[in-house]
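In our numbering, each residue's number is its place in the sequence shown (first place is 1) plus 44.
Heads up, the beta-carbon is just placed ideally off N, CA and C, and yes, glycines get one too.
Note that this is a predicted model, so its numbers are computed, not measured.
Reading through the structure tokens given below for one structure.
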Amino acid sequence: MSGFITSMIIVPLLCSLLCWWLLAGPLRQVTQALCEHGAGGPFWQRAFLILILAGPLLAVLLFAPDAPSASLWLDIRAILMWALLGVVAQLLVLLRLVWRQVAPRPVARQAQPLPAAPQETAQ
């Protein structure tokens with residue numbers, strides 16, 4: 045039982061830390077580019093870290109089996125599946141947040157008056 049509980053905590057955290065290790069450098073660059081003076085960069089980096097850590101752990105705690113099965117390896121497989129789905133979900137949220145800030149904005153065209161329709165003369 046203790047191996048099951050331990051794996052429910054360790055597996056998602058390892059997945060999260062691997063994600064943070066891969067994304068920490070690019071996220072620093074993006075947050076420094078988005079924060080004009082760089083003062084808000086550390087806040088956003090820590091917020092992203094919390095999001096990355098919480099996503100897989102929350103997915104495992106919500107959706108993984110409540111009780112251990114006969115094999116710890118099958119339990120770890122199910123926990124890893126939910127942890128990876130949590131990683132994908134939190135990455136989609138993270139990508140959406142960053143994309144909204146860095147996406148190219150369409151240039152607004154100036155409103156031009158429509159050409160006047162030919163008026164019919166009453167006869």
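**Message:** Suppose you measure from the CA of residue 73 to the CA of residue 121; what does that come to, to the nearest Å?
**Reply:** Along the sequence shown, one-based indexing puts residue 73 at 29. Along the sequence shown, one-based indexing puts residue 121 at 77. Their Cα atoms are separated by approximately 35 Å.
**Prompt:** Where does residue 119 sit, in a helix, a strand or coil, going by DSSP?
**Reply:** The residue given as residue 119 occupies position 75 in the sequence shown. Helix at residue 119.
**Exposure of residue 146, with buried meaning 16 or more beta-carbon neighbours within 10 Å** = Indexing the sequence shown from 1 puts residue 146 at position 102. Exposed is the call here.
**Request:** Quick one: which unbroken alpha helix (DSSP H) runs of 4-plus residues sit fully inside the segment 103-152? Chain order, please.
**Result:** 116-146
**Reference residue 108, options 94, 95, 128 and 92, closest by Cα** = Along the sequence shown, one-based indexing puts residue 108 at 64. Comparing Cα-Cα distances from residue 108 to each of 94, 95, 128 and 92, the minimum goes to 128.
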